[in-house]
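Worksheet: the structure to be examined is printed underneath.
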Amino acid sequence: METFEDHYQSMVAALQKHMPGVDMALIDRAVEYADVKHKRQKRKDGSPYIIHPLAVAEVVTEMGLDMDAVLGALLHDCIEDTDASHEDIEKIFGTTVAELVEGVTKLTRADFSSSEEAQMENLRKMFMAMSKDIRVVLIKIADRLHNMRTMQYQTPEKQVKKCKETMDIYAPLAHRLGMQKIKWELEDTSLRYLTPDDYNTITSYLQSHKEQDEQFMNTIQNKITERLDSMGIHSTAYGRIKHVYSIYRKMQSQNKTMDELYDIYAFRVIVDSIPDCYNVLGHVHDLFKLVPGRFKDYISTKKPNGYQSLHTTVIGKQGIPFEVQIRTWEMHEVAEYGIAAHWKYKQGAGEGSEKDFEWVRRLLETQQDSEAEEFVQSMKIDMFDDEVFVYTPKGRIVSLPAGSTPIDFAYAIHSGVGNAMVGAKVNHRIANIDSKLKNGDIVEILTSKSAKGPSRDWLIICKSNQARTKIKQWFKREKREENIVHGKASFEAEMKRAGLPVSMINDATLEPQLLKKLSFTCWDDMYAAIGYGGMTAAKAVGKVRDDIQRTLRAQDVDNIPKAMRLSPDDPKVARNAVDGIIVEDMESIMVKFAKCCAPVPGDAIAGFITKGFGVSVHRADCPNAAHRNDPRQAARWVRVRWANQAEQPFETTLELDCITRDGLLLDAMLILHSAKVRVREAYGKDLPNDRSIVTLRFEVKNVAELETIRKKLLDIRDVVSSRRGQN
Ligand code: MN
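Our numbering puts the first residue of the sequence shown at 715, with every later residue one more than the last.
Below is the structure:
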């Protein structure tokens, strides 16, 4: 059984090699902390749990990561598996370590299983997006590596599940991050559990041919080394068998057995400089026969993951082809350890080397002039910041723009789902359809056959163009009824703004004339057009304005009984002409002032088109004007305003609520007298309980004068309150 001591010593050795001068006290503190927290736990093989974090920390150390990452590795299962909290760890080991552990915990909790091949890329992206700090990904890969190394203790079901996940997520990520060595181990171990027969066929074949293979490789290796030595090129050359999974892949893709498969040997020549790489290439081609079409120069054009080498395939005397990879030591480090190697170089090297790591920069958010320390700090993964990855209930991943809502999700699934949506669940709980989705959320759209379809608000709420386009399409195509309602509303609002009674468009003689002018066969067609934006309401009203106004004027004059028609020199008409009211969009229409509220200049007012008496002007707060937004009445209400006028008196009425006493009316009359206003009427009326009302009708120039008088009246003893107009 593996012991604590073995793993601890092994980790310490790695630390001393990669991080000489490391603060062992702090490392021991983390080991102690994790050990105490995991105390009662045992691994599947019965060994103490702590050997797992120790092993992961060792891998992380070998990757070349920093102290925070090693501490994070030691504590990586503490939040998930013990009662340790983020705050706890933060207090002892600092914010960075706590955040690393938190990040690993998040990945541990997420379910990255998916059966669809097309989903894998999204899974990997989501994995990265959830990680925030690249060290979290690296610790998690180290964690998985150790889990794979101890996979034999798991149940067969768990083995298959974990190995599939490893092939889907971890191995491709290791590849993406350029960590070839780890990638190979992950792949080979997975193959061993996923298709044990194939794995065993290959490994036992390799085992049985071991001697033969080694002999072959030694011959080649010696040949290369001798030549390079004689040319004075300092080099290290060695051969190896390609890893099991890559042989398996070759057998599958070429449909060959092991015996038929030749291309399983790979040689490496590692030299000190790039010119030497090309020199070695020349010698290799001189020593062996070139296989045409297999040369690749990954030095001048590096792979996206940063990998650099010269690759060529040649054939020796035995007729067996083999690949030769030629690279510098730095390229070798990068090939083996990938992103972590870059890191190591960055920490040790000056600024000059930074430009070599463009791919890292593309992968990570870095600052141009950042110091080594900051470089580590700024290793944030932001490449998927503009995307959010969520699951369908069946585990399919949907990628959406960041900030997306269940509405966006619904339309990303299918426009039919969006249009039938009545609600949403996020992580199995009812959620608002405008709530922001987070990475890893499971989103379920609740639909109904009787759904009313998208709401216009959704156009503002949704984040994706896809959703917006589909919603607009729906409104145009399927929602004629709603377009009519919306078009009608905006048309009528526009009519009102223009001071035109909407009812006029249904006037028997006017209607056909107006429709013809607008080129529609019925009003609904026009409303629908306005509703989906094919025509503006303002344009429609502009086209009918003149005709309606002409008819309106003719009707007004016709409808007034002869006896009541006013001649131009009548004082009322004169008043209207001089100081009266401007009715918007109507000229020389008759105006009268409503008795109920008796407006005076300065009051907010509204006009009502009466049948035959022109426009009656009410105060805007008059109860009789309260219903002017009622659709059945709206058409008859028009905008009116006070004209700039000479100081002409206007009649108005005030009612005073009083406590009954003698002389009240006289007191009120004295006030009006001293205000020099003309009083038309004044009377008192007794109410029960010693209350009475004094009604005063008098003339004022405007609302300001009225206010002054009203305040004075309220100062009279026993006057309790006042009220405009009469009821
Ligand atoms: Mn673990």
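Here a beta-carbon is modelled for each residue, glycine too, at the ideal position from N, C-alpha and C.
State whether the segment 846-858 contacts the segment 759-775, with contact taken as three or more CB pairs (one from each stretch) at a distance under 8 Å.
yes
What does the alpha-carbon distance come out to for the pair Gly1294 and Lys1150?
56 Å
Quick check on this structure: which residue in Trp1237, Val1434, Val745 has the alpha carbon closest to the alpha carbon of Arg1194?
Trp1237
Tell whether a beta-carbon distance below 9 Å holds between Asp902 and His948.
no
Give me the DSSP bridge partner(s) of Phe1412.
Thr1366, Val1393
Is it a yes or a no for the segment 1202-1211 touching the segment 1239-1246, going by three-plus beta-carbon pairs under 8 Å?
yes
7 Å CB neighbourhood of Asp705 in its chain, flanking five on each side removed
The shown model of the chain, from 715 to 1441, leaves out residue 705, and the question about it has no answer.
Using CA coordinates, which residue listed in Arg1041, Arg1008, Glu1044, Gly1020 is at the minimum distance from Pro1035?
Arg1008
DSSP three-state call for Ile765: helix, strand or coil?
helix
Is the beta carbon of Thr1015 within less than 8 Å of some heavy atom of the ligand MN?
no
Identify, in the order they occur along the chain, each residue of the same chain with its Cβ nearer than 6 Å to the Cβ of Ala798, setting aside the five sequence neighbours on each side.
Lys751, Cys792
Boundaries of the beta strand (DSSP E) in which Leu1024 is found, first to last residue:
1024-1029
Looking only at DSSP bridge pairs, what is Val1331 linked to?
Phe1307, Gly1321
Reducing DSSP to helix, strand and coil, say where Arg1424 ends up.
helix
Note down, in chain order, each residue of its chain lying with its Cβ closer than 7 Å to the Cβ of Gly735, except the 5 sequence neighbours on either side.
none
C-alpha gap between Pro886 and Gly778, whole angstroms:
20 Å
Looking at the strands, I want to know which residues DSSP matches up with Lys872.
Answer by DSSP bridge pairing: none, since Lys872 is not bridged.
Three-way DSSP call (helix, strand, coil) for Gln755 in this model
coil
Compare the C-alpha of Met1218 against each of Thr1265, Leu1160, Gly1030, Leu788 and name the closest.
Thr1265
Which whole-angstrom value describes the C-beta separation of Val693 and Phe1123, a residue pair presumed to lie in contact below a C-beta threshold of 8 Å?
Not covered by the structure: residue 693. The range shown for the chain is 715 to 1441.
Mind checking whether Phe1412 and Glu1365 have CB atoms under 9 Å apart?
yes
Confirm, please, whether the CB-CB distance from Val1255 to Ala1212 is below 9 Å.
yes
Do the CB positions of Ser1129 and Gln1039 come within less than 9 Å of each other?
no
For the structure I just gave you, are there three or more beta carbon pairs, one from the segment 1337-1351 and one from the segment 1369-1382, closer than 8 Å?
no
Examine the ligand MN and report whether any of its heavy atoms sits within less than 8 Å of the Cβ of His860.
yes
For Pro910, count neighbouring C-beta atoms within 10 Å of its own C-beta (all shown protein chains included) and say buried if the count is 16 or more, exposed if not.
exposed
Between which two residues does the alpha helix (DSSP H) holding Met725 run?
718-732
Per DSSP, what kind of secondary structure is Met1097 in: helix, strand or coil?
Confidence is the limiting factor: at Met1097 the pLDDT is only 44, short of 50, which leaves the residue's position unreliable and the question unanswerable from this model.
Under 8 Å from any heavy atom of the ligand MN, does the C-beta of His790 make it?
yes
Do Arg1438 and Arg1333 count as a contact pair if the criterion is CB distance below 9 Å?
yes
Please name the residue in Gln866, Thr819, Pro870, Glu871 whose C-alpha comes closest to that of Asp847.
Thr819
Assigned secondary structure, Ala980 (DSSP; H/G/I helix, E/B strand, else coil):
strand
Leaving aside the five residues before and after Lys1184 along the sequence, list all residues of the same chain whose C-beta is less than 7 Å from its C-beta, in chain order.
Tyr1125, Ser1129, Gly1132
Rounded to whole angstroms, how far is the Cβ of Ile765 from the Cβ of Arg757, which I believe are closer than 8 Å?
7 Å
In the DSSP assignment, find the alpha helix (DSSP H) that holds Gly1245 and state where it starts and stops.
1237-1245
Ser1169 to Glu1158, Cα distance in whole Å?
19 Å
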